[in-house]
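Right under this line is the structure:
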């Protein structure tokens with residue numbers, strides 16, 4: 006439908022497209038137990054997801070006394086190995102998300118995923134769930150490489166948003182996420198952004214600074230239609 010304000014939209018993965026906290030929490034606990042630490046409640050992973058897997062594990066370890074750099078790195082690799090083999094056991098789309106993706110496709114809107122999760126993990130999960138073919142591109146936290154200071158060009162940097170917009174052919178673009186990383190990246194890229202209150206928000210949803218906030222995935226189409234589109238240069 007030509008009246009839709011965006012030619013393409015991007016979605017964060019964890020806490021936006023998919024509820025992934027159980028699999029992430031299981032991976033954290035596997036690593037914690039391997040390192041001699043006590044496991045944490047799986048639901049607590051919801052409060053740690055925004056900064057990525059390494060930050061999740063780091064916070065959990067620090068709360069129990071911490072580790073030196075080398076020991077933590079080894080534990081982090083243990084977590085990644087486990088997660089690579091068990092990343093779609095419980096993860097699933099949020100209610101109403103499949104219908105939203107169907108509606109966007111029916112309107113000929115191109116769809117991208119922009120996540121801080123490793124690209125290989127994001128692709129693996131979406132493939133296992135039978136969703137990967139719905140997206141023009143899947144951009145992970147490692148996709149863009151590092152900047153001159155050796156820092157990954159991932160959210161909240163605008164780089165992956167710019168790249169997603171480019172891969173979708175340019176034109177009007179909007180982004181959807183659930184954290185300050187998502188909102189700040191979108192704002193830095195000068196694209197409209199919707200916050201998902203149902204996700205793993207690292208601050209109250211209304212305080213994230215998004216252009217709109219939705220309580221359910223089913224509200225996204227209406228929220229998109231209420232945004233002001235801005236074409237790329």
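Residue numbers (the numbering used here): 6 to 238. Ideal placement from N, C-alpha and C gives every residue a C-beta, glycine not left out.
Next item on the list: Determine, using beta-carbon pairs with one atom in the segment 173 to 193 and one in the segment 67 to 79, whether at least three such pairs fall under 8 Å.
Entry: Taking a cut-off of 8 Å for Cβ pairs, the segment 173 to 193 and the segment 67 to 79 do not touch, as fewer than three such pairs fall below it.
Notebook entry, point to check: Taking the alpha-carbon positions, what's the residue 165 to residue 42 distance?
Noted result: Stepping through the chain shown from its first residue, residue 165 is reached at position 160. Stepping through the chain shown from its first residue, residue 42 is reached at position 37. Linking residue 165 to residue 42 through their CA atoms gives a straight-line distance of about 35 Å.
Next item on the list: Note down the Cα distance separating residue 245 from residue 47, rounded to an integer number of angstroms.
Entry: Lying outside 6 to 238, the shown extent of the chain, residue 245 is not represented and no answer is given.
Checklist line | Nearest residue (CA-CA) to residue 203, options 102, 15, 121, 45 | finding: Your numbering for residue 203 matches position 198 in the chain shown. Per the Cα distances, 102.
Note to self: According to DSSP, residue 14 sits in a beta bridge with which residue or residues?
What the structure shows: Position 9 of the chain shown, counted from the first residue, corresponds to residue 14. Residue 14 is bridged to 116, 179.
Next item on the list: Can you have a look at residue 208 and say buried or exposed, based on whether 16 or more other CB atoms are within 10 angstroms of its CB?
Entry: For the purposes of this step, residue 208 is taken as residue 203 along the chain shown, with counting starting at 1. Counting Cβ neighbours within 10 Å, residue 208 comes out exposed, since fewer than 16 surround it.
Next item on the list: List the DSSP bridge partners of residue 157.
Entry: One-based indexing of the chain shown puts residue 157 at position 152. As computed with DSSP, residue 157 is found in a beta bridge with 151.
Next item on the list: Taking only heavy atoms of the ligand NAD into account, decide whether any of them is closer than 7 Å to the Cβ of residue 67.
Entry: The model on display carries no ligand, and the ligand NAD is accordingly not part of it.
Note to self: Output needed for residue 129: all residues of its chain with C-beta closer than 8 Å, excluding positions within five of it in sequence on either side, in chain order.
What the structure shows: Residue mapping note: residue 129 aligns to position 124 of the chain shown, counting from 1. Excluding positions up to five away in sequence, the list reads 89, 92, 93.
Checklist line | Bridge-paired residues (DSSP) for residue 144 | finding: In the chain shown, counting from the first residue as 1, residue 144 sits at position 139. In DSSP, residue 144 forms a bridge with 119.
Notebook entry, point to check: With burial defined as no fewer than 16 other Cβ atoms inside 10 Å of the residue's Cβ, what is the status of residue 6: buried or exposed?
Noted result: Stepping through the chain shown from its first residue, residue 6 is reached at position 1. The pLDDT assigned to residue 6 is 43, lower than 50, so where the model puts this residue is not dependable; a value taken from the coordinates is nonetheless given after this. Looking at its Cβ environment, which holds fewer than 16 other Cβ atoms inside 10 Å, residue 6 is exposed.
Check: At which residues does the beta strand (DSSP E) containing residue 36 begin and terminate?
Finding: Here the question's residue 36 lines up with position 31 in the chain shown. Careful: residue 36 lies outside any beta strand (DSSP E), inside the alpha helix (DSSP H) at 26 to 39.
Notebook entry, point to check: Using CA coordinates, which residue listed in 39, 104, 16 is at the minimum distance from residue 76?
Noted result: Taking the chain shown and counting its residues from 1, one reaches residue 76 at position 71. Each of 39, 104, 16 was checked against the Cα of residue 76, and the nearest Cα belongs to 39.
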